[in-house]
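So the sequences go chain by chain: A and B.
When we follow this note's numbering, the leftmost residue of the first sequence carries the number 4, and every step to the right adds one.
When we follow this note's numbering, the leftmost residue of the second sequence carries the number 4, and every step to the right adds one.
Glycine is no exception: its CB is placed at the ideal position from the N, C-alpha and C atoms.
A quick write-up on the structure given underneath.
2 protein chains.
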Amino acid sequence: MIKKQVTIKDIASRLNLHHTTVSKALRNHPDINPETKKRILETAESLDYHPNIMAQSFKNKKSNTVGVCVPIINLDFFAEVISGIQNVLYDAGYTMIVCQSNESYEREEIDTRALVSNQVAGLIIAISQTTQYAEHLKVFQRRGIPLVLFDRVPAGIEACNVIVDDFHSAFHAVQYLIKSGYRRIAHLAGPSHISVSANRLKGYKAALKKNNIDIEESLIIHGGFREEDGTSGFEQLIAAGNLPDAIFAVNDSVAAGAFLLIKKNGLKIPDDIALLGFGDLKISSYLEPSLTTVRQSPHRMGEIAAKMLIEQIEHKDEKFTPRTEIVKTELIIRHST
Amino acid sequence: MIKKQVTIKDIASRLNLHHTTVSKALRNHPDINPETKKRILETAESLDYHPNIMAQSFKNKKSNTVGVCVPIINLDFFAEVISGIQNVLYDAGYTMIVCQSNESYEREEIDTRALVSNQVAGLIIAISQTTQYAEHLKVFQRRGIPLVLFDRVPAGIEACNVIVDDFHSAFHAVQYLIKSGYRRIAHLAGPSHISVSANRLKGYKAALKKNNIDIEESLIIHGGFREEDGTSGFEQLIAAGNLPDAIFAVNDSVAAGAFLLIKKNGLKIPDDIALLGFGDLKISSYLEPSLTTVRQSPHRMGEIAAKMLIEQIEHKDEKFTPRTEIVKTELIIRHST
DNA sequence: ATGAAAGCGCTAACAT
DNA sequence: ATGTTAGCGCTTTCAT
């Protein structure tokens with residue numbers, strides 16, 4: 004059942020050549036007689052030869068595999084990023100190992116170790132919600148393996164980043180709410196130690212301050228990034244008997260969770276409560292009323308991250324200064340505000 | 004900048020041992036003195052040793068990497084499947100290389116070649132829309148590399164499959180429409196050479212036949228799997244002046260495309276036209292009215308596919324009979340019908 | 001233009 | 001219990 008793999012030696016012995024000659028021919032070494040080369044290529048084809056990339060990488064001490072680690076693959080945002088990464092890597096001749104931490108720091112640590120052991124040429128990662136330190140990423144830097152962080156970036160590490168300007172995006176979005184006449188604006192915030200949610204919260208506060216609106220801590224509900232968090236967040240607002248006239252949610256999933264509950268309570272969007280999300284998920288334009296939100300470009304973020312990584316990989320010897328790429332966002336005004 | 008990697012030889016020379024002793028210790032070989040082993044493990048830790056898995060796999064002629072190839076990563080369905088695969092592979096100690104064909108046969112062929120060259124231990128694949136032959140997959144079988152096909156399966160190859168029963172799922176769904184009183188039921192069908200869409204079409208026809216309803220070819224519109232296809236499909240129905248009283252769409256994306264246009268035309272769902280999808284995307288429950296659809300369990304499909312693959316990989320020597328696993332679907336009745 | 005020798009990091013089989 | 005030898009498939013350097 005298990006067929007032995009065809010190697011350059013097999014090709015060589017078929018043609019009474021030495022395997023090094025075959026190796027050279029396959030890599031277009033100028034030494035080789037075109038006639039010989041032709042015969043070698045034909046024989047390779049006919050024997051169904053596939054080069055052993057592991058052996059190549061092993062010998063050359065360079066791999067063409069890149070690691071990608073995200074919290075959850077099956078979230079729109081990350082699936083988009085991964086797709087963007089994949090396309091760029093494909094064009095550049097790299098393959099990609101994908102891991103998901105499931106928001107667990109322990110798993111993320113194991114994943115990154117495995118990636119180092121697998122000799123990845125570089126790593127693109129969005130850290131998990133429970134990741135507080137970056138020690139496991141410093142391994143990469145110590146070993147000179149290029150690193151690109153995106154979306155959620157940890158403190159305490161200097162590396163290439165691909166992020167959106169969460170602060171200003173949130174600021175402008177909330178500013179827009181205020182301009183539209185809303186005053187009591189609640190915020191369904193994300194985890195406070197995650198960069199993106201922390202910055203969106205800061206943007207929210209800054210916009211209120213700028214407009215001389217008092218920040219009411221009771222209107223800021225901390226939760227996670229998921230739909231349930233939106234539901235429970237809005238429940239808390241109800242329970243406190245403290246309904247705002249607008250809600251800014253940390254992302255569209257949370258907004259969608261709140262959305263359902265708002266309607267269930269017989270409240271009209273946006274007349275009774277306006278709703279603003281972040282992320283522009285596919286569902287957001289389908290909601291009725293459709294959701295006003297901040298559009299990120301996750302696919303593009305992935306492309307940019309992959310390009311940055313490849314750049315580093317292919318100029319590994321040169322001194323490389325980490326830089327941060329900020330992907331533009333866009334406020335998409337729909338009918339929920 | 005580029006730090007040389009730490010090898011078992013480094014550990015060995017530190018301790019004045021031979022590198023094979025270190026190798027054995029790291030793999031818990033019973034030969035090794037517990038005391039020695041302890042020192043070796045400590046030294047490995049302190050030197051920040053990471054085993055070179057490529058060298059291991061190379062030497063052992065077995066890899067712990069599996070290939071996964073889907074048409075498009077950033078489609079709900081495939082992202083879910085990939086996530087399911089990843090979790091199972093993680094638990095079993097495998098890593099996964101992910102490719103996307105972007106619905107191109109050429110790219111799929113290149114991807115699969117690359118996976119063979121990368122010495123994957125197995126392959127899980129859903130073929131692209133433009134893939135008509137399975138020759139590129141037979142390479143895996145010739146080389147004894149386990150193979151699992153899911154969702155879209157090509158003809159002409161005998162391998163493990165993980166699919167849903169598209170025929171019966173569609174049959175029951177359409178049967179339900181008929182029972183609800185709809186008679187003129189259109190079908191926005193997918194590509195006719197893809198197994199899933201072909202089978203859903205067959206199920207649709209069978210249900211009509213069973214109920215003595217004539218099949219009107221003009222009510223069957225062929226298109227792709229995307230939202231645009233739903234929009235253009237419904238346009239064709241309008242153009243033909245041939246509005247049905249219900250539409251069965253090949254999947255939820257197509258249904259969503261039709262959905263928007265139906266409402267745009269001032270028609271009421273389900274009173275003027277009922278709408279039935281397939282797949283139960285996240286958006287489907289958010290539509291208003293919410294979409295009746297057939298729930299697949301893509302995450303579970305991924306888990307099953309990964310388990311089947313691992314089973315094959317780990318019993319490679321034994322004769323393995325390809326089997327087909329059919330994942331149960333469920334008709335989710337909501338308000339669009 | 002072709003061949004020989006060496007070695008990448010690791011493990012298995014066989015000494016000692 | 002530890003060490004020696006050899007070799008996986010490939011590429012590089014140095015003969016011929």
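**OP:** Spatial neighbours of M105 (chain A) within its chain, please: CB distance less than 8 Å, with the 5 preceding and 5 following residues excluded, ordered by chain position.
**Re:** Your numbering for residue 105 (chain A) matches position 102 in the first sequence. In the sequence as presented, Met is not what sits at residue 105 (chain A); that position holds Asn. The answer, listed in chain order, is P74, I75, S131.
Subject >> Residue span of the beta strand (DSSP E) that contains N77 (chain B), given as start and end >> reply: By one-based count along the second sequence, residue 77 (chain B) stands at place 74. Element bounds for N77 (chain B): n/a, residue is neither H nor E.
**OP:** Anything in chain A within Cβ reach of E291 (chain B), meaning under 7 Å, just list it in chain order.
**Re:** Residue 291 (chain B) sits at position 288 when you count from the first residue of the second sequence. Simply E291.
Original post:
Taking Cβ positions only, does I335 (chain A) come closer than 9 Å to chain B?
Top reply: Along the first sequence, one-based indexing puts residue 335 (chain A) at 332. False, the Cβ-Cβ gap to chain B never drops below 9 Å.
Subject >> Same chain, Cβ closer than 7 Å to R116 (chain A), five either side skipped, listed in chain order >> reply: Against the first sequence, residue 116 (chain A) aligns to sequence position 113. Answer for R116 (chain A): no residue qualifies.
**OP:** Pick helix, strand or coil for R203 (chain A), following the three-state DSSP scheme.
**Re:** Looking up residue 203 (chain A) in the first sequence gives position 200. Three-state result, R203 (chain A): helix.
**OP:** Can you say whether R145 (chain B) is buried or exposed, counting buried as having 16 or more other CB atoms within 10 angstroms of its CB?
**Re:** Start at 1 with the first residue of the second sequence, and residue 145 (chain B) comes out as number 142. Exposed: under 16 other Cβ atoms inside 10 Å.
Subject >> Assigned exposure category for R203 (chain A) - 16 Cβ within 10 Å defines buried >> reply: Reading the first sequence from its first residue, position 200 is the one you call residue 203 (chain A). Buried: at least 16 other Cβ atoms inside 10 Å.
**OP:** In the DSSP assignment, find the unbroken beta strand (DSSP E) run with T98 (chain A) in it and report its ends.
**Re:** Translated into the one-based positions of the first sequence, residue 98 (chain A) becomes position 95. T98 (chain A) -> beta strand (DSSP E) spans 98 to 103.
Subject >> Under 7 Å (Cβ pairs) to chain A, residues found in the segment 197 to 231 of chain B >> reply: none
Subject >> Inter-stretch contact (C-beta, 8 Å, three-pair minimum) for the segment 149 to 159 of chain B and the segment 214 to 223 of chain B >> reply: no
Subject >> Proximity to N90 (chain B) [Cα-Cα], best of A:E111, A:H139, A:G227 >> reply: As a first step, residue 90 (chain B) must be located in the second sequence, where it is residue number 87. Residue A:E111 is the option with its Cα nearest to N90 (chain B).
Subject >> Contacting residues, own chain, Cβ-Cβ under 8 Å from S293 (chain A) (five flanking each side not counted) >> reply: Numbered from its first residue, the first sequence carries residue 293 (chain A) at position 290. Counting only Cβ-Cβ distances below 8 Å, and skipping sequence neighbours, we find S287, R337, H338, S339.
Original post:
CB G70 (chain A) to CB V123 (chain A), shorter than 9 Å?
Top reply: To locate residue 70 (chain A), count along the first sequence from 1; it is residue 67. To locate residue 123 (chain A), count along the first sequence from 1; it is residue 120. Yes, they are a contact pair.
**OP:** Would you give the residue range spanned by the beta strand (DSSP E) that A137 (chain A) belongs to?
**Re:** Taking the first sequence and counting its residues from 1, the one referred to as residue 137 (chain A) is at position 134. It is not in any beta strand (DSSP E) - A137 (chain A) carries neither H nor E in the DSSP assignment.
Original post:
Which class does L150 (chain B) belong to by DSSP, given the choice of helix, strand or coil?
Top reply: Stepping through the second sequence from its first residue, residue 150 (chain B) is reached at position 147. Three-state result, L150 (chain B): strand.
Original post:
Which residues of chain B have a Cβ atom closer than 7 Å to the Cβ of T98 (chain A), listed in chain order?
Top reply: Here residue 98 (chain A) corresponds to residue number 95 of the first sequence, with the count starting at 1. Correct list: I100, A117, N121.
Original post:
Under the DSSP definition of a beta bridge, which residues are partnered with H190 (chain A)?
Top reply: In the first sequence, residue 190 (chain A) corresponds to position 187, counting from 1. In the DSSP output, where bridge partners are listed per residue, H190 (chain A) has A:I223, A:F251.
Original post:
Per DSSP, T295 (chain B) forms a beta bridge with which residues?
Top reply: In the second sequence, the residue the question calls residue 295 (chain B) occupies position 292. According to DSSP, which records beta bridges pairwise, T295 (chain B) is partnered with B:L279.
**OP:** Answer yes or no: does any C-beta atom of chain B fall closer than 9 Å to that of R303 (chain A)?
**Re:** Taking the first sequence and counting its residues from 1, one reaches residue 303 (chain A) at position 300. It does not: the Cβ of R303 (chain A) has no partner Cβ on chain B nearer than 9 Å.
**OP:** Answer with yes or no whether the minimum CB distance from M4 (chain B) to chain A is below 9 Å.
**Re:** Here residue 4 (chain B) corresponds to residue number 1 of the second sequence, with the count starting at 1. The pLDDT assigned to M4 (chain B) is 49, lower than 50, so where the model puts this residue is not dependable; a value taken from the coordinates is nonetheless given after this. M4 (chain B) counts as touching chain A.
**OP:** Assign V119 (chain A) to one of three DSSP states: helix, strand, or coil.
**Re:** Here residue 119 (chain A) refers to the residue found at position 116 of the first sequence. Helix at V119 (chain A).
**OP:** Using DSSP bridges, identify the partner residues of G70 (chain A).
**Re:** Counted from its first residue, the first sequence places residue 70 (chain A) at position 67. DSSP lists A:I100, A:L126 as partners of G70 (chain A).
Original post:
Any residues in the segment 128 to 148 of chain B with a beta carbon nearer than 8 Å to a beta carbon of chain A? Which ones, in chain order?
Top reply: V142, R145, R146, G147
Original post:
Between the segment 33 to 49 of chain B and the segment 312 to 321 of chain A, do three or more beta carbon pairs fall short of 8 Å?
Top reply: no
**OP:** Report the rounded CA-to-CA distance for C163 (chain A) versus S200 (chain A), giving the unit in angstroms.
**Re:** As a working mapping, residue 163 (chain A) is identified with position 160 in the first sequence. As a working mapping, residue 200 (chain A) is identified with position 197 in the first sequence. Rounded to the nearest angstrom, the two C-alpha atoms are 20 Å apart.
Subject >> Cα-Cα separation, N254 (chain B) to A252 (chain A) >> reply: Taking the second sequence and counting its residues from 1, the one referred to as residue 254 (chain B) is at position 251. Taking the first sequence and counting its residues from 1, the one referred to as residue 252 (chain A) is at position 249. Roughly 30 Å between the two C-alpha positions.
Original post:
Sorted by chain position, which residues of the same chain lie with C-beta nearer than 6 Å to F323 (chain A)'s C-beta, five sequence neighbours on each side aside?
Top reply: The count along the first sequence starts at 1 and reaches residue 323 (chain A) at position 320. Correct list, in chain order: Q315.
Subject >> According to DSSP, residues forming a beta bridge with E333 (chain A) >> reply: As a position in the first sequence, residue 333 (chain A) is number 330, starting the count at 1. Paired residues: A:R298.
Original post:
What's the C-alpha gap between V165 (chain A) and A82 (chain A)?
Top reply: For the purposes of this step, residue 165 (chain A) is taken as the residue at position 162 of the first sequence. For the purposes of this step, residue 82 (chain A) is taken as the residue at position 79 of the first sequence. Taking the straight line joining both Cα atoms gives about 16 Å.
**OP:** Go ahead and pull the three-state DSSP assignment for V165 (chain B).
**Re:** Residue numbering aside, residue 165 (chain B) sits at position 162 when the second sequence is read from its first letter. If DSSP states are grouped into helix, strand and coil, V165 (chain B) belongs with the strands.
**OP:** Measuring only between beta-carbons, confirm whether P273 (chain B) sits less than 9 Å from chain A.
**Re:** Taking the first residue of the second sequence as 1, we reach residue 273 (chain B) at position 270. So, not an interface residue.
**OP:** Please confirm if H21 (chain A) has its CB atom under 9 Å from at least one CB of chain B.
**Re:** By one-based count along the first sequence, residue 21 (chain A) stands at place 18. False, the Cβ-Cβ gap to chain B never drops below 9 Å.
**OP:** Compute the Euclidean distance between the alpha carbons of V119 (chain B) and T98 (chain A), then round it to the nearest angstrom.
**Re:** Numbered from 1 along the second sequence, position 116 holds the residue referred to as residue 119 (chain B). Numbered from 1 along the first sequence, position 95 holds the residue referred to as residue 98 (chain A). Approximately 12 Å, taken between the alpha carbons.
Subject >> Given 8 Å, three or more beta-carbon pairs between the segment 252 to 271 of chain B and the segment 43 to 60 of chain B >> reply: no
Original post:
Taking the alpha carbon of L180 (chain A) as the point to measure from, which residue in A:N215, A:R326, A:L279, A:A129 has its own alpha carbon closest?
Top reply: The residue labelled residue 180 (chain A) in the question sits at position 177 within the first sequence. Here the closest residue by C-alpha is A:L279.
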